[in-house]
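*Asks:*
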Amino acid sequence: MIGGMSSPDESGGSWTLLTGHGHVLVEIARNPQARMRDISAVVGLTERTVQAIVADLEAAGYLTRGRTGRRNRYTVNPDSLFRHSAQEGLRVGPFLDLLAAADESAAAGSRPAADAGGSPSAEVPSPEPTGPGAGILPT
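For the sequence shown, the positions run 2 to 140 when this note's numbering is used.
(1) Rounded to whole angstroms, what's the CA-CA distance from residue 15 to residue 75? Just pull it up for me.
(2) Tell me, which residues are paired with residue 17 by DSSP?
(3) Mind checking which residues open and close the beta strand (DSSP E) that includes residue 50?
(4) To the nearest angstrom, how far is the alpha carbon of residue 89 from that of residue 61?
(5) Assuming residue 68 and residue 80 form a contact by the criterion Cβ under 8 Å, report the distance between their Cβ atoms to the nearest whole angstrom.
(6) Are the beta-carbon atoms of residue 44 and residue 59 separated by less than 8 Å?
(7) Using 10 angstroms around the beta-carbon of residue 86, count the other beta-carbons present and answer buried if the total reaches 16, otherwise exposed.
(8) Would residue 70 be called buried (16 or more neighbouring beta carbons within 10 Å of its own) or exposed?
(9) Find the nearest neighbour of residue 38 within the set 20, 73, 17, judged by alpha-carbon distance.
(10) Just to confirm, is the Cβ distance from residue 23 to residue 46 under 8 Å?
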């Protein structure tokens with residue numbers, strides 16, 4: 002354990018890379034017709050928390066809500082900007098596209114997802130080093 006945080010491969014880690022808002026936004030981008038119950042199960046938050054996050058995202062312009070029959074349908078605004086100054090001027094659309102494509106690739110047995118032009122998109126390289134001496138840092 003470094004700096005009080007668990008490493009990602011230890012069970013029961015105390016942090017995630019995305020916030021609850023990020024997880025909910027990604028899940029809605031993947032499945033715009035998902036129910037709060039479904040989103041809650043995927044992201045590991047209570048339905049009430051997911052409802053509050055969706056309200057935040059809608060109020061900030063990241064989502065619009067519409068109805069299809071009796072179900073809500075959400076539309077993500079890909080031109081919304083990240084809120085943190087470290088990503089100033091960057092839009093959320095490409096980030097969500099990347100995560101949605103990664104999800105589609107995993108679901109298709111790691112077949113690369115096709116981009117809008119129908120050609121396979123580039124695979125994201127694994128962050129883990131491989132080969133002899135992999136993971137050993139020079140001292």
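Positions of the beta carbon are idealized from the N, C-alpha and C atoms, including for glycine.
The structure displayed is predicted, hence computed values, not measured ones.
*Replies:* Considering the structure as presented:
(1) Take the alpha-carbon of residue 15 and the one of residue 75: they are about 30 Å apart.
(2) Its beta-bridge partners do not exist; DSSP assigns none.
(3) Counting along the chain, no beta strand (DSSP E) covers residue 50; the unbroken alpha helix (DSSP H) around it starts and ends at 48-60.
(4) Rounded to the nearest angstrom, the two C-alpha atoms are 16 Å apart.
(5) In fact, because the Cβ distance is near 23 Å, the residues do not count as touching under 8 Å.
(6) No, they are not a contact pair.
(7) Counting Cβ neighbours within 10 Å, residue 86 comes out exposed, since fewer than 16 surround it.
(8) So residue 70 ends up on the exposed side.
(9) Of the candidates 20, 73, 17, the residue whose Cα lies closest to the Cα of residue 38 is 73.
(10) Their beta carbons are not under 8 Å apart, which means residue 23 does not touch residue 46 by this criterion.
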